[in-house]
Amino acid sequence: MSTVIKAENLSKKYIIGHQRQEQYLTVRDTIAHKFKDIGNRLMHPLLASSGQPLMDLSSTEEFWALKEISLEIQQGERVGIIGRNGAGKTTLLKILSCITEPTKGRVSIRGRVASLLEVGTGFHPELTGRENIYLNGAVLGMSKAETKKKFDAIVAFAEVEKFLDTPVKRYSSGMYVRLAFAVAAHLEPEVLLVDEVLAVGDAAFQKKCLGKLGDVAKEGRTVLFVSHNMGAINTLCDRAIWIDKGTIAHDGTAAQVVGAYMNQGSPIAKQVIWAKNERPGNQSFQLVSVTLKRSDGVATSEINISEDATIEIEYEVIRSGARAMFSLVFWDANSNCVFGSLSNTAENSYHGKSLKPGCYLSICGLYGHLLNEGRYYISVIGASDNWNDGFRADHVLSFYALDDGVLKRDYSGNYGGVIRPRLIWKTIPVQINSRNNSYRE
Amino acid sequence: MFLAWRDILVRYKQTIIGVAWSVLRPFITMVIFTIVFGKLAQFPSEGVPYPILVFAALLPWQMFASALTDSSNSLISNASMLTKVYFPRLIVPTSAVMVSLADFLISFGILGALMVWYRFVPDWHILTLPFFLFLVLMATLGFGMWLAALNVKYRDFRYIVTFLTQFGLYISPVGFSSSVIPDRWRLLYSLNPMVGIIDGFRWAILGGAYTIYMPGFALSAILIFVIFWSGLAYFRKAERSFADVI
Chain A
1 MSTVIKAENL
11 SKKYIIGHQR
21 QEQYLTVRDT
31 IAHKFKDIGN
41 RLMHPLLASS
51 GQPLMDLSST
61 EEFWALKEIS
71 LEIQQGERVG
81 IIGRNGAGKT
91 TLLKILSCIT
101 EPTKGRVSIR
111 GRVASLLEVG
121 TGFHPELTGR
131 ENIYLNGAVL
141 GMSKAETKKK
151 FDAIVAFAEV
161 EKFLDTPVKR
171 YSSGMYVRLA
181 FAVAAHLEPE
191 VLLVDEVLAV
201 GDAAFQKKCL
211 GKLGDVAKEG
221 RTVLFVSHNM
231 GAINTLCDRA
241 IWIDKGTIAH
251 DGTAAQVVGA
261 YMNQGSPIAK
271 QVIWAKNERP
281 GNQSFQLVSV
291 TLKRSDGVAT
301 SEINISEDAT
311 IEIEYEVIRS
321 GARAMFSLVF
331 WDANSNCVFG
341 SLSNTAENSY
351 HGKSLKPGCY
361 LSICGLYGHL
371 LNEGRYYISV
381 IGASDNWNDG
391 FRADHVLSFY
401 ALDDGVLKRD
411 YSGNYGGVIR
421 PRLIWKTIPV
431 QINSRNNSYR
441 E
Chain B
1001 MFLAWRDILV
1011 RYKQTIIGVA
1021 WSVLRPFITM
1031 VIFTIVFGKL
1041 AQFPSEGVPY
1051 PILVFAALLP
1061 WQMFASALTD
1071 SSNSLISNAS
1081 MLTKVYFPRL
1091 IVPTSAVMVS
1101 LADFLISFGI
1111 LGALMVWYRF
1121 VPDWHILTLP
1131 FFLFLVLMAT
1141 LGFGMWLAAL
1151 NVKYRDFRYI
1161 VTFLTQFGLY
1171 ISPVGFSSSV
1181 IPDRWRLLYS
1191 LNPMVGIIDG
1201 FRWAILGGAY
1211 TIYMPGFALS
1221 AILIFVIFWS
1231 GLAYFRKAER
1241 SFADVI
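Top to bottom, those sequences are chains A and B.
So that you can map any letter, position 209 of the first sequence is 209 in the working numbering, and since no number is skipped, the others follow by simple counting.
So that you can map any letter, position 106 of the second sequence is 1106 in the working numbering, and since no number is skipped, the others follow by simple counting.
Right under this line is the structure:
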């Protein structure tokens, strides 16, 4: 194991303009500003003597996209980079791939680096698929001979055999993306930097891409992978780095870091009670509290997956005649929506009826043998009369579902999947001589 | 080099007469110049057919002008690539020049046809042509690098390029022989580096009939070297921040 990427104190500064609308400078503007500047100095000789350019003070501001980032990455490591939008993930990749220079600090990388910040970089719409494969290969740093060798594999991976000699401008966007990813995926660099490029294409293709990235890593190459898909990070990477506001917030195994990232801002909560002026709601009613309770009525943040539980929504009706409706949405730790449940008429005489002002409690029963083991989040969506005045309170509750092993018996492993419902099973003996007949009892 | 190949391929896609465009443009310019300068203005033709005189100058000029326009816009039109992939940035303006070189070679075929038509046989001077071709490539790249890099930061330079190429056509000795310039102004005239290049091309193609003004040529050549090296230096310095400002 040797260090492939070594970055020391990387910082990147951007100047953001507040006044100028244009993205770029023109000589005309520069000259105009110079004159304004001189004018200002003449008008305010005292200020000018401090030697600071007046114009810059009013119109620009420094923005540090990265602050003192230091990291070391070993050969063959698969590192996931996570963080919120604008945290500096892409800037980091751009610096590592030499596209921009860091303002401070230095990077050393051993081996050939290929970066995939966007699919289809350098694709030309007028050229055919075949021509674009060679062109894109060259842009990404493959020689013509190499591309030729991989050509069939690329075409097969992208599933565009029939359209090879069609200009890519006539491709569907899915085909376009598939072809672009296929070229990039067949690069053989020592270090591969991948930005959020997998959020394209259909589910099957995304899976294929993730599989391909996994293969790349198995061959001993180093992969840096930026994604918002925590599931992908968890399965693909063995290490993860969480970048927050330009600094490394957390660096560790993928499971640890993803866990920490998911838990931020929403600690385990069995009950949420809003202060009077912070209650989510609309003109008709407002939420007072939401509580998760065990079957014996105790508020809890851990439920047993084989036992029933309830979620109680307390709310105050403020407009006479309002009809309150709710929907609960369950999320898993990777931010996948597990399911939603709409309050329904099977309930009682209050549901969907005009209510008098006052406090009410809507109780949603969650039966046992439904969830799988793991962490879940609950969002509450409320609306009155029609869904136009809906509001939502995201991730208000968060709890662990624990498996007591009632169904597992002697099986000690984990169940796959997001839910683990108890379905109806039945076993019957089958007579050998009645094979050709029906299976009816 | 793939960029050059791409641009050449793309250039004539979805056109009806395709590559013929690169033949037609210089040919028509040549015809017009011959009529305006040769027939109407009665400029001296140095003892060679006027169309050949004009065409020998049009070759380097067309190459210079089109390559300059392309290379100065090259970085901006490839902006998405610059911000997404790393590759030596110099490839971009260079490949724009290479595209023009391809056009140059096609135009050179027309010159051959003209020579056959007028039964004009060049002498040994033509063997020096690669040297002058090298010179025009350097001049083009030199200006190209300057303008491409400046254009990234200050977009006004694209207007300057249009202006330069339109104006340059008349202040460079394309439609006429540089011998029409009075001798005492010739050194000053050679401050335009295209003067030296065009004179060189004519000297190489037209042979002994055409005389070259050596001090002027030397001045042009020195200027070209200066522009090339300073362009390269500026480009290398500016390329670090291309991805941030483009």
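Just so it is clear, CB atoms sit at the ideal spot from N, CA and C, and this is done for glycine as well.
Reducing DSSP to helix, strand and coil, say where residue i ends up.
i, result
"tryptophan 1229 of chain B", "helix"
"arginine 392 of chain A", "strand"
"alanine 1056 of chain B", "helix"
"aspartate 1183 of chain B", "helix"
"histidine 250 of chain A", "strand"
"asparagine 282 of chain A", "coil"
"tyrosine 1050 of chain B", "helix"
"leucine 342 of chain A", "strand"
"glutamate 1239 of chain B", "helix"
"threonine 300 of chain A", "coil"
"threonine 90 of chain A", "helix"
"aspartate 1007 of chain B", "helix"
"alanine 1020 of chain B", "helix"
"serine 58 of chain A", "At serine 58 of chain A, the pLDDT of 47 sits below 50, so the modelled position is not reliable; the number obtained from the coordinates is stated separately. Helix, per DSSP."
"valine 317 of chain A", "strand"
"glycine 1112 of chain B", "helix"
"lysine 1039 of chain B", "helix"
"threonine 1211 of chain B", "coil"
"serine 1100 of chain B", "helix"
Does any residue of chain A bring its CB to less than 7 Å from the CB of residue i?
i, result
"aspartate 1244 of chain B", "yes"
"lysine 1084 of chain B", "yes"
"valine 1010 of chain B", "yes"
"arginine 1158 of chain B", "no"
"arginine 1240 of chain B", "yes"
"arginine 1006 of chain B", "yes"
"methionine 1098 of chain B", "no"
"methionine 1063 of chain B", "no"
Give the range of the alpha helix (DSSP H) segment to which residue i is assigned.
i, result
"glutamine 206 of chain A", "203 to 218"
"tyrosine 134 of chain A", "129 to 139"
"glutamine 1166 of chain B", "1157 to 1171"
"glutamate 146 of chain A", "144 to 158"
"threonine 427 of chain A", "Segment: none, threonine 427 of chain A is in no alpha helix (DSSP H) and carries neither H nor E."
"tryptophan 1203 of chain B", "1193 to 1206"
"phenylalanine 330 of chain A", "Here phenylalanine 330 of chain A belongs to no alpha helix (DSSP H); instead the beta strand (DSSP E) covers 324 to 332."
"threonine 1140 of chain B", "1129 to 1153"
"alanine 232 of chain A", "230 to 236"
From the DSSP secondary-structure annotation, give me the bridge partner or partners of residue i.
i, result
"methionine 1063 of chain B", "According to DSSP, methionine 1063 of chain B bridges with nothing at all."
"valine 272 of chain A", "A:Val290"
"cysteine 364 of chain A", "A:Ile311"
"tryptophan 64 of chain A", "A:Lys13"
"lysine 1084 of chain B", "Per DSSP, none; premise fails for lysine 1084 of chain B."
"cysteine 337 of chain A", "A:Trp331"
"tryptophan 242 of chain A", "A:Ile82, A:His250"
"phenylalanine 225 of chain A", "A:Gly80, A:Val194"
"serine 115 of chain A", "A:Leu193"
"glutamine 75 of chain A", "Answer by DSSP bridge pairing: none, since glutamine 75 of chain A is not bridged."
At which residues does the beta strand (DSSP E) containing residue i begin and terminate?
i, result
"valine 183 of chain A", "Premise fails: valine 183 of chain A lies in the alpha helix (DSSP H), 173 to 185, not in any beta strand (DSSP E)."
"valine 107 of chain A", "104 to 109"
"glycine 382 of chain A", "374 to 384"
Would the beta-carbon of residue i be found less than 6 Å away from any heavy atom of the ligand ATP?
i, result
"leucine 179 of chain A", "Ligands in the displayed structure: none, and consequently the ligand ATP is not present."
Indicate whether at least one CB of chain B lies closer than 7 Å to the CB of residue i.
i, result
"serine 398 of chain A", "no"
"leucine 135 of chain A", "yes"
"methionine 55 of chain A", "Note on methionine 55 of chain A: pLDDT 45, under 50, position unreliable in the model; no value is reported."
"glycine 456 of chain A", "Residue 456 of chain A falls outside the range modelled here, since chain A spans only 1 to 441, and no answer is possible."
"threonine 100 of chain A", "yes"
"glutamate 126 of chain A", "yes"
"tryptophan 196 of chain A", "Here residue 196 of chain A turns out to be glutamate, not tryptophan, going by the sequence shown. No, glutamate 196 of chain A does not count as interfacial toward chain B."
"valine 290 of chain A", "no"
"serine 97 of chain A", "yes"
Please report the Cβ distance between residue i and residue j, rounded to the nearest whole angstrom; I am assuming they are in contact, meaning their Cβ atoms lie under 8 Å.
i, j, result
"alanine 322 of chain A", "serine 284 of chain A", "3 Å"
"serine 1072 of chain B", "valine 1161 of chain B", "5 Å"
"alanine 1255 of chain B", "threonine 100 of chain A", "What the structure shows of chain B is the stretch from 1001 to 1246, and residue 1255 of chain B is not part of that stretch, so it cannot be assessed."
"phenylalanine 1120 of chain B", "isoleucine 1197 of chain B", "That belief does not hold up - the Cβ atoms of phenylalanine 1120 of chain B and isoleucine 1197 of chain B are roughly 21 Å apart, past 8 Å."
"isoleucine 1076 of chain B", "valine 1152 of chain B", "7 Å"
"leucine 187 of chain A", "methionine 142 of chain A", "6 Å"
"alanine 5 of chain A", "isoleucine 73 of chain A", "The amino acid occupying residue 5 of chain A in the given sequence is isoleucine; alanine does not appear at that position. 4 Å between Cβ atoms; contact."
"glycine 129 of chain A", "valine 79 of chain A", "32 Å between Cβ atoms; not a contact."
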